[in-house]
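Numbering (mature numbering (1 follows the signal peptide of the UniProt record, and there is no 0)), first residue to last: -22 to -1, 1 to 420.
Only one structure is covered here, and it is reproduced in the block below.
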């Protein structure tokens, strides 16, 4: 009888826990994979731009003039449409946007949020608190800063290979482990760094290359069949001259929005945006952003090129797991801090008078690489100390030497950190020299 009584109670309970009263059909949802926040027309007022996914356009071919994922129509060929509203808070912006879209906006699948440069320099803490408090936003979403206005990233972003918004974001995440110049940061890590006085936050930076943007618009303005033959479009002399001029700069630019190139996506993403507290204080180029990850022990893989009097050589580096060795002494008027990152190195190319067959020649290459790396790293450290930003996270190491939080607060780390003498002593271990030992006859 007890068994039958339990079964009867379970059957009755099922009538009250069906869970269908708050169901939401997929056809009633408008999923937002990303959105942007820019400064508004008045203090305390912001422009929120929501990118709403259109699933039927994401899977099928585009009807826009450019076609595919890399052609010219802007956002429509990537299966999304943008809606911008002026509001005082994120909740108010969502409410206003829902008044213009026929489906309820849903942020459960939101992949990343973009902050415009103006908002980032003003302070992002109010917006980050909104993201952390609202239940639909996951802390695994990515955060990035856009040079200029963040909404321009949606308008001018034309991926070369991907037509899906989500796959494009996943591709950016994978680039971090390959180039080291794209420091992808999630919301949880970004907020945690802003909430503590032991380190400062940093994140990736996006920018629009105006030269590539002009080339793309010029090509899009040409109608198919406009020339006499009605066949393949030809590049005009003016466009060809501008393209050649773009590639004539003798220096290599690693800055987002300033790379010398022709073709491809107008949007670029090398470098890092460095914060002090909740305010943007510095935008690093691709080399500096890669150096930042190396000093933090987060550089998985990268190609480094060094110029020396004998020529130039390029190495492929892989950083040892566990982070760089740290040695420091917090006592004294100007404490000394030493950072010692270690790398396994493969020689990729060597143009010049290099002897890669002998131990002495490889040792000379290693010394040159270490000296140049240390010089670039210390220059980055000096820039961060000038801005007062501990994006290297050195405070996380120093805090371990204090028994109580009161002692740590009395030490006043944010004030003392810029006065430190920080030295970098890297160690390169050459493992392989490639498939060529010498090239004296070439």
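The C-beta atom is built at its ideal place from N, Cα and C for all residues, glycine as well.
Item, Value
"Buried versus exposed call for residue 225 [16 or more other C-beta atoms within 10 Å across all chains shown]", "exposed"
"Inter-residue Cα distance where the pair is residue 296 and residue 276", "10 angstroms"
"In DSSP terms, what residue 163 is bridged to", "121"
"Helix, strand or coil at residue 108 [DSSP, three-state]", "helix"
"Reduced DSSP category for residue 322 - H, G, I as helix; E, B as strand; rest coil", "strand"
"Any 3 or more C-beta pairs closer than 8 angstroms across the stretch 301 to 318 and the stretch 334 to 353", "no"
"Cβ pair residue 19, residue 64 closer than 8 angstroms", "yes"
"Spatially closest choice to residue 278 from 151, 22, 13 and 389, by CA coordinates", "151"
"Three-way DSSP call (helix, strand, coil) for residue 74 in this model", "helix"
"Nearest neighbour of residue 285, chosen from 331, 114 and 267 [CA to CA]", "331"
"Backbone CA spacing between residue 259 and residue 177 [nearest angstrom]", "14 angstroms"
"Residues of its chain near residue 411, where Cβ-Cβ distance is below 6 angstroms and the 5 sequence neighbours each way are ignored", "325 and 334"
"Top-ranked residue by Cα proximity to residue 269, from 238, 357, 305 and 294", "357"
"Exposure of residue 89, with buried meaning 16 or more beta-carbon neighbours within 10 Å", "buried"
"Helix, strand or coil at residue 172 according to DSSP, with G and I counted as helix", "helix"
"Element boundaries [beta strand (DSSP E), containing residue 59]", "58 to 65"
"Classification of residue 11 by the beta-carbon crowding that lies within 10 angstroms, buried from 16 upward", "buried"
"N-terminal and C-terminal residue of the alpha helix (DSSP H) that residue 476 is part of", "Examination of residue 476 is not possible in this model, given that the chain is present from -22 through 420 alone."
"8 angstroms Cβ cutoff met for residue 164 and residue 240", "no"
"Contact between the stretch 127 to 141 and the stretch 103 to 115 (3+ Cβ pairs under 8 angstroms)", "no"
"Cβ pair count under 8 angstroms reaching 3, the stretch 184 to 192 against the stretch 241 to 256", "yes"
"Range of the contiguous beta strand (DSSP E) that encloses residue 242", "Per DSSP, residue 242 belongs to no beta strand (DSSP E) and is neither H nor E."
"CB of residue 369 within 8 angstroms of CB of residue 180, strictly", "yes"
"Cutoff 7 angstroms; reference residue 406; Cβ partners in own chain excluding five residues on either side", "321, 323, 344, 347 and 348"
"Extent of the continuous alpha helix (DSSP H) run through residue 10", "Element bounds for residue 10: n/a, residue is neither H nor E."
"Pick from 272, 403, 351 and 408 that is closest to residue 336, judged by C-alpha positions", "408"
"Beta carbon of residue 290 nearer than 8 angstroms to that of residue 305", "no"
"Pick from 397, 27 and -9 that is closest to residue 93, judged by C-alpha positions", "27"
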